[in-house]
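Report on the structure given below.
There are 2 protein chains.
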Amino acid sequence: MELLNAAEYLAALGHESRLSIFRLLVQAGEEGLSAGVIGEQLGLAPATLSFHLSHLARTGLIFGRQQSRFIFYSVDYAVIDTLFAFLLEDCCQGKACLPKTGAVGGAKSRRRMVRAGAAGRPA
Amino acid sequence: MELLNAAEYLAALGHESRLSIFRLLVQAGEEGLSAGVIGEQLGLAPATLSFHLSHLARTGLIFGRQQSRFIFYSVDYAVIDTLFAFLLEDCCQGKACLPKTGAVGGAKSRRRMVRAGAAGRPA
DNA sequence: CTTATATTTCGATAATAATGGAAATATGGA
DNA sequence: TCCATATTTCCATTATTATCGAAATATAAG
């Protein structure tokens with residue numbers, strides 16, 4: 019994954035409506051949801067919804083399949099997986115930085131096992 | 019994590035320069051990097067760099083600690099961890115959707131074990 | 001106290017993104 | 001064919017974000 023692709027994915031998700039759409043689709047699974055159902059759930063005007071759906075689809079986070087008069091959108095889980103790995107590539111100098119996700123970014127080197135200084139969070 | 023917070027984190031990461039900064043800091047670990055070093059690595063004008071650093075810090079993805087004349091920025095790994103979990107909350111209807119990250123979103127219910135239809139990716 | 005270095009704030013400008021009404025397109029059913 | 005439904009495209013408007021020079025602030029060193 020290239021940096022610019024990753025930034026596009028993140029920017030696509032970094033909007034209230036699109037993130038809501040994405041999460042609905044994550045929960046809907048492979049089957050997906052039709053545009054109409056999504057719009058109904060989120061109360062978005064058709065044009066606005068379509069704008070966000072095509073934004074998400076153009077970047078590659080979701081894809082649609084036509085079925086009769088409806089278009090069912092689903093998330094591409096593989097893209098998310100790759101995105102997560104990219105974000106934490108060579109992370110945390112080999113330490114376990116992510117309790118919930120476990121070993122995520124380990125795709126590459128994990129070099130630079132340097133002793134780190136204090137890093138408490140100030141005001 | 020609230021939806022709006024998550025959207026802010028993602029929007030913050032959804033910009034070439036900020037994502038570059040974030041990844042530098044991920045790789046730098048707890049010790050972090052000074053603003054100057056970051057700016058040098060990425061070739062950003064001081065004002066631009068500062069704009070992005072405070073954007074990232076304001077949202078909470080990174081934090082700075084002053085040390086002598088320098089300010090060292092580091093990522094807050096816990097926030098990222100929570101963000102990943104939020105993105106995949108109740109994901110994929112119990113299936114293993116994320117090979118690299120393993121069981122990520124499992125914080126909540128994992129209900130709706132519905133049989134899903136085909137979802138091949140069309141043009 | 002003066003100078004040098006590190007970083008931020010200010011302010012103006014430029015660029016990009018979001019919104020939604022209205023019209024267009026596509027699909028299926030009567 | 002004609003109508004209803006689902007979704008998208010077009011277009012204009014509004015809102016938000018990014019950029020960076022110049023000035024301000026902060027910290028340390030001579």
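Going down the list, the protein sequences come from chains A and B. One rule links them: number in my numbering = place in the first sequence (from 1) + 18. One rule links them: number in my numbering = place in the second sequence (from 1) + 18. Virtual Cβ for every residue (Gly too), placed ideally from N, Cα, C.
C-alpha gap between G57 (chain A) and S72 (chain A), whole angstroms: 13 Å
Determine the extent of the alpha helix (DSSP H) in which S86 (chain A) is found, giving its start and end residues. S86 (chain A) -> no alpha helix (DSSP H), and no H or E assigned at all.
Which residues of the segment 80-106 of chain B have a Cβ closer than 9 Å to any Cβ of chain A? Give them in chain order. F81, G82, R83, Q84, Q85, F90, S92, V93, D94, Y95, A96, I98, D99, T100, F102, A103, F104, L105 and L106
Starting from A29 (chain A), follow the alpha helix (DSSP H) in both directions and report where the run begins and ends. L21 to L31
Given this structure, state the Cα-to-Cα distance separating L42 (chain A) from A29 (chain B), to the nearest angstrom. 19 Å
According to DSSP, is L51 (chain B) helix, strand or coil? strand
For the alpha helix (DSSP H) holding L42 (chain B), just list the boundary residues, first then last. E34 to A46
Measure the alpha-carbon distance for A121 (chain B) versus F102 (chain B) and round it to whole angstroms. Note that A121 (chain B) scores a pLDDT of 40, beneath 50, so its modelled location is shaky and nothing firm can be said.
Unbroken alpha helix (DSSP H) run spanning A96 (chain B), endpoints: Y95 to L105
Pick from A:L105, A:F88, A:E107 and A:C109: whose alpha carbon is nearest that of S52 (chain A)? A:F88
CA-to-CA distance, R83 (chain B) to N23 (chain A), given in whole angstroms: 31 Å
Taking a contact to mean a Cβ-Cβ separation below 8 Å, would you say G50 (chain A) touches Y91 (chain A) in this structure? yes
Buried/exposed call for T66 (chain A), threshold 16 Cβ in 10 Å: exposed
Measure the beta-carbon distance from A25 (chain B) to H70 (chain A) and round it to whole angstroms, keeping in mind my assumption that it falls under 8 Å. About 12 Å separates the two Cβ atoms, so there is no contact after all.
Could you round the C-beta distance between Y27 (chain A) and V97 (chain A) to whole angstroms and report it? I think they count as a contact, below 8 Å. 7 Å
Through-space distance from S68 (chain B) to E107 (chain A), alpha-carbon basis: 24 Å
What is the rounded straight-line gap between the Cα of L62 (chain A) and the Cα of V44 (chain A)? 19 Å
Could you tell me the distance, in whole angstroms, from the CA atom of C109 (chain A) to the CA atom of E48 (chain A)? 31 Å
By alpha-carbon positions, which one of A:M19, A:E20 and A:A75 ends up nearest to L37 (chain A)? A:A75
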